[in-house]
Amino acid sequence: MLKNGYRRNKAWSTVKFMLDVSRSPTEILEYNAARPFHVIGGISDKEAELLRNAKGASAKVALVYLWLNEFITREHMHGSMGTVAPPIISRLMQFTSDGHMWYNAARKMAYIPFPFPHVQLTSAFILLTIVVVPV
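For the sequence shown, counting from 1, position 29 maps to 30 in the working numbering; every step adds exactly one.
The structure is reproduced here in structure tokens:
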């Protein structure tokens, strides 16, 4: 039962969700391998090596964020953006900074686990409500 290279079993996925059991490293690897991220224009071998050597997901994101800011600054200084006013360039920097900040906020939410007893009680109450309340 493979869909896009990833094993799917709805019953098992539902049980794992209800028990709040996280995926194994192998399942995470299969999931990510089935969904490659395509870069328009590709990346150079040097960039791929730097990304491989970056330790952790947040380090890779920070590296790409710095590359983007460097690119915006370099292109503005060389004049290849035309006659763009400095406040517009400043706003571009602000948007990339906001994106990086909110990425880190979302990452914190995803990696800080919700209290296990609360999840279990909530799941039990939902199941109880499904059984007791008529449809």
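The beta carbon of each residue, even a glycine, is placed where N, CA and C say it ideally should be. As the structure is a computational prediction, the values presented were derived from the model and not from experiment.
The alpha-carbon of methionine 82 is positioned some 31 Å away from that of arginine 53. Contact between leucine 51 and threonine 97 does not hold, since their C-beta atoms are separated by about 19 Å, which reaches or exceeds 8 Å. Secondary structure note for lysine 56: it is in no alpha helix (DSSP H), with a DSSP letter that is neither H nor E. In this structure, the beta-carbon distance from histidine 79 to valine 85 does not fall below 8 Å. DSSP, read as helix, strand or coil, puts valine 134 in coil. As the crow flies, the alpha-carbon of isoleucine 73 is around 14 Å from that of leucine 64. Annotated as proximal: tyrosine 104 and valine 62, with beta-carbon spacing under 8 Å.
In this structure, the straight-line span from the alpha carbon of threonine 130 to that of lysine 109 is close to 31 Å.
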